[in-house]
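In this note's numbering, the protein residues as written are 294 to 488.
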């Protein structure tokens with residue numbers, strides 16, 4: 294099957310996810326809320342939004358790069374992609390919950406759970422794509438041992454456990470994973486250039 298429809302659908306869903314997240318940002322209301330200082334009350338919500346926007350952007354970017362080397366898709370790939378989109382679609386909910394509750398334990402824990410499931414779902418999509426295209430495919434050679442993916446899951450699991458001790462440490466660990474992935478992943482680009 295042609296990959297174009299899968300890419301277009303994924304792009305649309307990710308655009309909707311970002312739209313939902315920004316619609317959750319509420320303008321302060323009230324007589325004294327027209328002052329710049331009133332925005333300070335929104336910092337947890339805004340900080341949560343920024344981190345989640347970066348995460349969704351990272352997934353979109355990596356999905357786009359990965360599909361540059363994909364030749365075709367099958368049913369298993371389509372379902373693996375839907376699985377990824379399902380977990381990504383929960384990001385706006387957990388983002389809002391975490392921001393509105395000032396990074397409380399349960400929202401930070403559940404946010405981490407959604408992030409780890411996003412990572413697992415993305416890894417599953419990669420494996421299904423490699424199985425379809427072969428172990429010697431350009432994608433398989435580019436992904437390699439996927440140390441960034443594996444270390445991310447380890448950091449998420451650590452952050453989830455630490456959320457019961459200090460949710461701020463967990464949030465900081467989520468930022469660290471975003472920084473790791475924010476640095477552009479050149480594995481696929483480098484393999485395309487080498488061909």
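Note that CB positions come from ideal geometry on N, CA and C, so glycine has one too.
In its chain, beyond the 5 residues on either side, no residue has a beta carbon closer than 8 Å to the beta carbon of residue 328. The C-alpha of residue 426 is placed about 39 Å away from the C-alpha of residue 316. At a Cβ-Cβ threshold of 9 Å, residue 320 and residue 370 do not count as neighbours. In this structure, the alpha-carbon of residue 428 lies about 39 Å from that of residue 400. Judged by DSSP secondary structure, residue 367 falls outside any alpha helix (DSSP H); it is assigned neither H nor E.
Rounded to the nearest whole angstrom, the CA to CA distance from residue 297 to residue 457 is 43 Å. For residue 397, there is no enclosing alpha helix (DSSP H), since its DSSP letter is neither H nor E. Between residue 449 and residue 470, the beta carbon gap of about 7 Å places them in contact (Cβ cut-off 8 Å). Taking a C-beta distance under 9 Å as the contact criterion, residue 351 and residue 464 do not qualify as a contact pair. At a Cβ-Cβ threshold of 9 Å, residue 332 and residue 388 do not count as neighbours. Contact fails between the region 433–451 and the region 381–397, because fewer than three Cβ pairs, one in each stretch, are under 8 Å apart.
Following the DSSP letters along the chain, one finds residue 303 inside the alpha helix (DSSP H) bounded by residues 297–316.
At the C-beta level, residue 453 and residue 406 come within 9 Å of one another. By the CB criterion at 9 Å, residue 355 and residue 303 fall outside the cutoff.
Excluding five sequence positions before and after residue 393, the CB atoms of its chain that fall closer than 7 Å to its own CB belong to 338, given in chain order.
Here the C-alpha atom of residue 359 lies approximately 32 Å from the C-alpha atom of residue 462. Taking residue 367 as reference, the option from 295, 443, 417 with the minimal CA-CA separation is 295. When the alpha-carbon of residue 357 is set against those of 307, 433, 384, the nearest one is in 307.
Between residue 382 and residue 330, the alpha-carbon positions lie close to 32 Å from each other.
In the three-state scheme derived from DSSP, where H, G and I count as helix and E and B as strand, residue 445 is classed as helix.
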